[in-house]
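Protein sequences, first through last, are from chains A and B. Here the first sequence is numbered in our numbering, starting from 1 and rising by one per residue. Here the second sequence is numbered in our numbering, starting from 178 and rising by one per residue. In what follows, a single structure is set out as structure tokens and then discussed.
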Amino acid sequence: MSTSDAALIQKIVQRDESALAALYDRYASLLSSVLNRILRDTQASEEILQDVFFQLWRNATQFDPGRGSLPGWLVVIARNRAISRLRRHNPSEGEELLETSVIVPANLESAVAQQQLLGRVKGALENLSADQRAAIELAYFEGLTHSEIASRTGDPLGTVKTRIRTAVESLKRTLSP
Amino acid sequence: MNGHPTRPEDFDLYALGVLEGEEKAAFEAHVPTCAACAEKLAEARGRIALLAFAAPRVEPSPSVKERLMRQIHSAPEGARVAQRATREPDRTGGFFGRWWPAAVLVPVGALLILVSVRLWQENVHLTDELGEERAELQRQQAQLDEARHIVALMEAKDTMTVALAPQPGMPKGDVRVMYNAKMGMAMCDGWVDPAPANKSYQLWLVPMDGKPISAGLIEASSGPINPWTVKLPPGVAAKAFAITLEPEGGMPQPTGPMVLVGPVS
Chain A
1 MSTSDAALIQ KIVQRDESAL AALYDRYASL LSSVLNRILR DTQASEEILQ DVFFQLWRNA
61 TQFDPGRGSL PGWLVVIARN RAISRLRRHN PSEGEELLET SVIVPANLES AVAQQQLLGR
121 VKGALENLSA DQRAAIELAY FEGLTHSEIA SRTGDPLGTV KTRIRTAVES LKRTLSP
Chain B
178 MNGHPTRPED FDLYALGVLE GEEKAAFEAH VPTCAACAEK LAEARGRIAL LAFAAPRVEP
238 SPSVKERLMR QIHSAPEGAR VAQRATREPD RTGGFFGRWW PAAVLVPVGA LLILVSVRLW
298 QENVHLTDEL GEERAELQRQ QAQLDEARHI VALMEAKDTM TVALAPQPGM PKGDVRVMYN
358 AKMGMAMCDG WVDPAPANKS YQLWLVPMDG KPISAGLIEA SSGPINPWTV KLPPGVAAKA
418 FAITLEPEGG MPQPTGPMVL VGPVS
């Protein structure tokens, strides 16, 4: 049985480099995928990937596995940094403060679990209409707000808001445990 | 929106990053003050984070992991200077026809120089690697020694734990000191705000009698303290532990303001 994320974090706190390597092996592929999708720049993606894991190494004492999921936290931080770089702005202090806790409705510690979840997420997105899916992808992978999506697609703001709200409700139903 | 978000999807919309303007500001003003909403936001973040799985799979280059592992060793960047091959020898038209012995000897000589340079580079590289291996061995030995000290300190029945509290108007922090007078050993752990430029945090044992004894500088450039043990004169009865802000590199006796202090109960 593989070592849990919480146990590996504890080992990192004790400066066990092999624990960091194990967590990297477990989640680097997921992070690399989302970073490359956002930035479409291999070098920039790899810089952020390395930086996120280095931050984990330096700040492992601040991560409390009891307050959330490590892969969720890694994904949120990586996405946030990638979008900040894409949009050339720094996240506001408020955003950073609110991102300290992430609860993922699934265990992602094994490759099998990740593969199963991949199927669920793809299925959830396929349940959306093409317009809904496009709007969700513009928000998630390009970091656009309601009005920016409306401006990009040429649709009325109200239509975009309804479209995204409906899509989010659908995703919530499908992805909740 | 001064109270809770009115619709349950608002948490997912915020996590997705589409809220803006007043909606976003109201959300950010309320959620940090409400544990129930913070919990809902954490769950929404987790759901939205799953969208990462929709990205096409891209495996990172193996070099990223190599760089990461080197980085955590704090290896100085650019320690190795890339050696480039030497310039090509000059060649001019007609040279071979008139000076065939030189035409043979000069390229052979150039080749020998290139081979010599290559061998020298290999030698430098291997010497560097050997030095790195030795440094790594010493580092691991030091870590092992440190771990033994920590275990001995933690296992000793007469080890006390002192919590240091921040002082008004000073940088924030949460630091604990484990101290064993008989062993003459202390360990410091926790976090403290980064020190101002050109300043260092210094830990002091304040004895029942006599002047404070330096227990070393605190490495906390980014907040968390790297736990470390420090040897102190054995048998000193401590009245308190304190952290002061001193000129960079520390002082023999405290001169700066007390940032955190914890009395020994």
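Backbone N, C-alpha and C define an ideal beta-carbon position, used for all residues, glycine too. It should be emphasised that the depicted structure is a prediction, and the values quoted were computed from it without experimental measurement.
query = Is the Cβ of Pro65 of chain A closer than 8 Å to any Cβ of chain B?
reply = no
ask   = According to DSSP, is Val441 of chain B helix, strand or coil?
value = coil
message = According to DSSP, simplified to helix, strand and coil, what is Asp189 of chain B?
response = helix
ask   = With burial defined as no fewer than 16 other Cβ atoms inside 10 Å of the residue's Cβ, what is the status of Ser45 of chain A: buried or exposed?
value = buried
CA-to-CA distance, Thr153 of chain A to Leu74 of chain A, given in whole angstroms = 30 Å
key: Helix, strand or coil at Leu330 of chain B according to DSSP, with G and I counted as helix   = helix
ask   = So what does Ile390 of chain B bridge to, in DSSP terms?
value = B:Leu382
query = Thr406 of chain B by DSSP, collapsed to three states: which one?
reply = strand
Which listed residue (B:Gly367, B:Leu437, B:Glu309, B:Phe230) has its alpha carbon closest to that of Pro343 of chain B = B:Leu437
request  = Using a Cβ-Cβ cut-off of less than 9 Å, give me the residues of the region 233-253 of chain B that come near chain A, in sequence order.
outcome  = Pro233, Arg234, Val235, Glu236, Pro237, Ser238, Ser240, Val241, Lys242, Arg244, Leu245, Met246, Gln248, Ile249, His250
message = Among B:Met364, B:Ile390, B:Glu396, B:Val354, whose alpha-carbon lies nearest the alpha-carbon of Pro371 of chain B?
response = B:Glu396
request  = Count the CB pairs spanning the region 3-11 of chain A and the region 234-243 of chain B that are closer than 8 Å, and state whether there are at least three.
outcome  = no
inquiry  = When you compare the region 372-380 of chain B with the region 420-433 of chain B, are there three or more beta-carbon pairs, one atom per stretch, that lie closer than 8 Å?
reply    = yes
inquiry  = Quick check on the DSSP output: the alpha helix (DSSP H) that includes Gly194 of chain B runs from which residue to which?
reply    = Per DSSP, Gly194 of chain B belongs to no alpha helix (DSSP H) and is neither H nor E.
key: Residue range of the alpha helix (DSSP H) that includes Pro239 of chain B   = 239-249
ask   = Taking any Cβ of chain B, which residues in the region 41-74 of chain A have a Cβ under 7 Å from it, in chain order?
value = Glu46, Leu49, Gln50, Phe53, Phe54, Trp57, Arg58, Asn59, Thr61, Gln62, Gly68, Ser69, Gly72
request  = Answer yes or no: do Val413 of chain B and Ala358 of chain B have a C-beta to C-beta separation smaller than 8 Å?
outcome  = yes
request  = Compare the Cα-Cα distances from Gly361 of chain B to each of B:Ala415, B:Ala213, B:Phe188, B:Val285 and report the closest residue.
outcome  = B:Ala415
ask   = What is the residue span of the beta strand (DSSP E) that Val352 of chain B lies within?
value = 350-357
query = To which residues does DSSP link Thr338 of chain B through a beta bridge?
reply = B:Met355
key: chain A contact for Glu332 of chain B (CB, 8 Å cutoff)   = no
key: Beta-carbon gap between Ile402 of chain B and Val352 of chain B smaller than 8 Å   = yes
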